[in-house]
Amino acid sequence: MHDGSIRGEDLARRQCVPCKGGVPPLAPERIESLRRQISGDWALISGHHLEREFKVKDFRQALALANRFGEIAEGQRHHPDLLVSWGKLRVTLFTHAIDGLHENDFILAARIDAMLRSEHPGDSD
Numbered sequence: 000m001h002d003g004s005i006r007g008e009d010l011a012r013r014q015c016v017p018c019k020g021g022v023p024p025l026a027p028e029r030i031e032s033l034r035r036q037i038s039g040d041w042a043l044i045s046g047h048h049l050e051r052e053f054k055v056k057d058f059r060q061a062l063a064l065a066n067r068f069g070e071i072a073e074g075q076r077h078h079p080d081l082l083v084s085w086g087k088l089r090v091t092l093f094t095h096a097i098d099g100l101h102e103n104d105f106i107l108a109a110r111i112d113a114m115l116r117s118e119h120p121g122d123s124d
């Protein structure tokens, strides 16, 4: 669970900015600060990327969810890796241009979290 929905909501209102490389990936301290602003369901993998798996009823639902996340990603011009399979969708976030995490990855995670909260307001992260 993140440490405060206000900050997580603020992160979700931010816009991704183009990253063309030439900047280092986020430092571990900044990663931890941003992680507190997104759902605890996002796993940090080797300090390199964020990953979250969504369980759904079947392939059709996994594909539909991937398409909804894809719309968010297109709007931000920041694209996750999406693995669609029967009964699940795995989302992997990192910035390919820098081969690591950028604030854009956390913004996109927060926007996905916000979409899920708006659809299921009684659920917690």
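Per numbering that gives the first Met the number 0, the sequence shown starts with residue 0, numbered consecutively.
Yeah, the Cβ is synthetic: ideal placement off N, Cα and C, and Gly gets one too.
Contact annotation: A108 and I37 have beta-carbon atoms nearer than 8 angstroms. Unbroken alpha helix (DSSP H) stretches of 4 residues or longer found wholly inside the segment 56-113: 58-75, given in chain order. Secondary structure at A42: strand, using DSSP grouped into helix, strand and coil. Annotation for V83: A61, L62, A65 place their beta carbon closer than 6 angstroms to its own, counting only its chain and skipping 5 residues before and after.
Burial is judged here by how many other beta carbons sit within 10 angstroms of a residue's own beta carbon; P79 has at least 16 and is buried.
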